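Chemist: Residue numbers (mature numbering (1 follows the signal peptide of the UniProt record, and there is no 0)): -22 to -1, 1 to 679.
For each residue, glycine too, the CB sits at the ideal point set by N, CA and C.
The structure presented is a predicted model; accordingly, all values stated were derived computationally and were not measured.
Before anything else, here's the structure in question.
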């Protein structure tokens, strides 16, 4: 077992600051400066730019300057009578790092008479752990406050959804005011209280698809209740019904003079009897067989209606669609559908421009209570259609934080956008940048740029420094929209590897943002504090230790999506005034083991120990190990902090990461991307400490 301890790291990375604003004081100002352009890159003058406490107007060259009160996050709204409005959110920390690249060149879409702006979110439910959370977490929906609490869950996405002409999500739950009747014979069933429908309407959502595998969870009683409550609501719906004919019926809606038809399907019938899909003698979801999809799409297209397909299929937690899903979606577009939106995997998948029509293969979770980290990065998708023809799409990165959808900022934005860009790129679909959002244009810029030779421009480069003695360095501050193409190490005897971080919120910059505490960390709730300083940013955590009671910190939930038998590094930074021993463990959940049995009784495997000395500086620990090979469905990493002397002390902790290495060590400057995960790298590792800067080169797109 190898381990490393690097003491007294006092130097901050360039561009970062400590105590950049005092929490709650609201006295200092922060300058927000950038520019707006149209889709051709022409400056947009006379646009209003506003935050919660500042407003301004872009000048003749499209630039704006706002003096806002310093805050942890900023929500900027951009509006102009001739353009569709846009909202973008940023953290103070990421603007300190990259304000120029994030705020310059934000693009607006021109309004046109027949141009329609649609918005889509992924899987939605508000049952289960919203009422009865795990681990002693705060209850999100209290029985006496169901309406207001349900609305609080969607408060941070309401501004985004409300911008669209029409907004839709996948309602992956039955709706009832009490537990419905007979439960379907399956391992997981959902029902949500009727207030979920009020919250969705309040948040600006207009339509829900019921074509999914949870629409029939409590059979006919649950389905009847769901349909009855939807009829009383303001929401349109389709994708389920009392029989097959009703389930396949489209929801028809006129939007800005355009006749739309919304269709929803689930991709498999299920093995139970009765099936989860509707038939001639019982209700359920609309079965998305090839025949059903092509027939119902053609029926709407023949009436000169714009058909939008939503489909629930593929495999959970996969990077891409199954062949069945891909073929059904593409065939539906061939049959005349204008757009295809898919879900079910609970993680995001790539987008594809297919014959100038857009496919989103998985939207991921939107409002959901899954508590393991791979399912918490998703997106909201805007799509502009001109008389049913694809014009443009915009990707708003979302972080499902504490079961609440929030704008993704900082490392969360990087994770969402890096994944989507790489998964879309392999389908020859290019995601460009507009501020903190991604953009897909009808022209598909990547193809055009390569044909014109624009990729031959001078390659952008950045220098990366390793902290004294460290062998891992974060890449989160780098641009998500650019691909790493060369890694030049100053030490020619050294080798590098690329890895991804399996823990969300490792830098703690978003720990307390958006009025939604993180639920992914295990820590002492009564004694842990959030610091207004950090080693790499402006936040860290402070843990309390006593002689009699060590403190345990780490992952609250097991990591379910991981690669078995991978080289791993757990790393963290600490600051303490007393000597402390940190024991790092991994703990697994075996394939047949119940969750709480694994949490309480799963064997903890010692990774290694780091000895911290008391002092004013930050100390850095790195420990290497291998992820479980066989027999485990998930695992987590924990750190036990033991006070070596004295009666009590506090330990500050920052940058707690679990790095899964996606490549072997290499000395070749050009990275070999053997898998899609290596293209999403968030850490660079070296086999020996490199004292001088590593030069990173990117593509120019």
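Nearest CA to the CA of residue 649: which residue from 574, 623 and 467?
Modeler: Residue 649 has its Cα closest to that of 467, out of 574, 623 and 467.
Chemist: Look at the alpha carbon of residue 342 and the alpha carbon of residue 290, and state the distance between them as a whole number of angstroms.
Modeler: Cα-Cα distance, rounded: 11 Å.
Chemist: Using DSSP's beta-bridge definition, name the partner residues of residue 382.
Modeler: Answer by DSSP bridge pairing, in chain order: 379.
Chemist: Which ranges would you report for the beta strand (DSSP E) in the segment 202 to 274 if only whole runs of at least 3 residues count?
Modeler: Runs found: 214 to 216, 229 to 233 and 236 to 244.
Chemist: Mapping the DSSP letters down to three states, classify residue 90 as helix, strand or coil.
Modeler: Looking at residue 90 - three-state DSSP - the assignment turns out to be coil, as it is neither helix nor strand.
Chemist: Is residue 163 buried or exposed, if buried means 16 or more other CB atoms sit within 10 Å of its CB?
Modeler: Residue 163 should be labelled exposed.
Chemist: Please report the Cβ distance between residue 394 and residue 521, rounded to the nearest whole angstrom; I am assuming they are in contact, meaning their Cβ atoms lie under 8 Å.
Modeler: Between residue 521 and residue 394 the Cβ distance is about 29 Å, and since that is not below 8 Å, they are no contact.
Chemist: So, residue 611 versus residue 538, is the Cβ gap smaller than 8 Å?
Modeler: Yes. Within cutoff.
Chemist: Look at the alpha carbon of residue 312 and the alpha carbon of residue 105, and state the distance between them as a whole number of angstroms.
Modeler: Between residue 312 and residue 105, the C-alpha separation is close to 38 Å.
Chemist: How many angstroms separate the CA atom of residue 617 from the CA atom of residue 121?
Modeler: One C-alpha to the other measures close to 36 Å.
Chemist: Whole angstroms is fine: what's the gap from residue 327's alpha carbon to residue 573's?
Modeler: Computed Cα separation, rounded: 27 Å.
Chemist: Helix, strand or coil for residue 492, going by three-state DSSP, please let me know.
Modeler: In the structure shown, residue 492 sits in a helix (DSSP, three-state: H, G or I).
Chemist: Below 8 Å CB to CB, which residues in the same chain sit around residue 472 once its five sequence neighbours on both sides are set aside?
Modeler: Excluding residues within five positions, the ones whose Cβ falls inside 8 Å are 645, 664, 665, 666 and 668.
Chemist: When we look at the beta-carbon of residue 167 and count the other beta-carbons within 10 Å, is it buried (16 or more) or exposed?
Modeler: Buried.
Chemist: Where does residue 354 sit, in a helix, a strand or coil, going by DSSP?
Modeler: Note: residue 354 maps to coil in three-state DSSP.
Chemist: Use the C-beta contact count for residue 514: other C-beta atoms within 10 angstroms, 16 or more gives buried, fewer gives exposed.
Modeler: Residue 514 is buried by the Cβ-count criterion.
Chemist: Could you tell me the distance, in whole angstroms, from the CA atom of residue 380 to the CA atom of residue 281?
Modeler: So the alpha carbons of these two residues sit roughly 44 Å apart.
Chemist: For my contact list, residue 718 and residue 29 are in at a C-beta cut-off of 8 Å; report their separation, rounded to the angstrom.
Modeler: The displayed coordinates of the chain run from -22 to 679. Any statement about residue 718 would go beyond what the structure contains.
Chemist: Report the three-state DSSP secondary structure of residue 458 (helix, strand or coil).
Modeler: It is coil, neither helix nor strand.
Chemist: Write down the C-beta distance between residue 146 and residue 203 rounded to the nearest angstrom, noting that I regard them as a contact closer than 8 Å.
Modeler: Their Cβ separation, rounded to whole angstroms, is 22 Å, which puts residue 146 and residue 203 out of contact at 8 Å.
Chemist: Just to confirm the assignment: which complete alpha helix (DSSP H) runs, minimum length 4, are found wholly within the segment 118 to 173?
Modeler: Whole alpha helix (DSSP H) segments, 4+ residues: 124 to 131 and 136 to 139.
Chemist: Residue range of the alpha helix (DSSP H) that residue 683 falls in?
Modeler: Residue coverage of the chain in this structure runs from -22 to 679, which leaves residue 683 outside it and unanswerable.
Chemist: Just checking, does the segment 457 to 467 make contact with the segment 51 to 61 on the three C-beta pairs under 8 Å criterion?
Modeler: As far as the Cβ criterion goes, the segment 457 to 467 does not touch the segment 51 to 61, which means the pair count is below three.
Chemist: Which residue comes first and which comes last in the beta strand (DSSP E) that contains residue 638?
Modeler: 626 to 639 is the extent of the beta strand (DSSP E) around residue 638.
Chemist: Counting Cβ pairs, one atom from each stretch, are 3 or more of them under 8 Å apart for the segment 106 to 119 and the segment 494 to 514?
Modeler: The answer is yes - the segment 494 to 514 touches the segment 106 to 119, with three or more Cβ pairs under 8 Å.
Chemist: For a test of the three-state rule: what should DSSP assign to residue 47, helix, strand or coil?
Modeler: Strand at residue 47.
Chemist: Quick one: what's got a C-beta closer than 6 Å to residue 238's C-beta in the same chain, skipping five residues either side?
Modeler: Cβ within range, chain order: 231 and 284.
Chemist: Distance check for residue 174 and residue 360, CA to CA, integer angstroms please.
Modeler: Cα to Cα, residue 360 sits roughly 22 Å from residue 174.
Chemist: Just mark residue 404 as buried or exposed, buried being the case when its beta carbon has 16 or more other beta carbons within 10 Å.
Modeler: With fewer than 16 Cβ atoms within 10 Å of its Cβ, residue 404 is classed as exposed.
Chemist: Count the other C-beta atoms from every protein chain shown that fall within 10 angstroms of the C-beta of residue 126, then say buried if there are 16 or more, exposed otherwise.
Modeler: It counts as exposed.
Chemist: What are the boundary residues of the beta strand (DSSP E) that includes residue 344?
Modeler: Residues 343 to 345.
Chemist: For the alpha helix (DSSP H) holding residue 74, just list the boundary residues, first then last.
Modeler: Segment 70 to 81, the alpha helix (DSSP H) holding residue 74.
Chemist: In or out: residue 608 buried (at least 16 other Cβ within 10 Å) or exposed?
Modeler: So residue 608 ends up on the exposed side.
Chemist: If contact is defined by three or more beta carbon pairs under 8 Å, each pair taking one atom from either stretch, is the segment 269 to 276 in contact with the segment 244 to 254?
Modeler: Because the criterion of three Cβ pairs below 8 Å is not met, the segment 244 to 254 and the segment 269 to 276 do not touch.
Chemist: Three or more beta-carbon pairs under 8 Å between the segment 290 to 305 and the segment 359 to 379, yes or no?
Modeler: The answer is no - the segment 359 to 379 does not touch the segment 290 to 305, with fewer than three Cβ pairs under 8 Å.
Chemist: Check whether the Cβ of residue 72 lies closer than 8 Å to any Cβ atom in chain B.
Modeler: Looking at the structure shown, chain B is missing, and only one protein chain is on hand.
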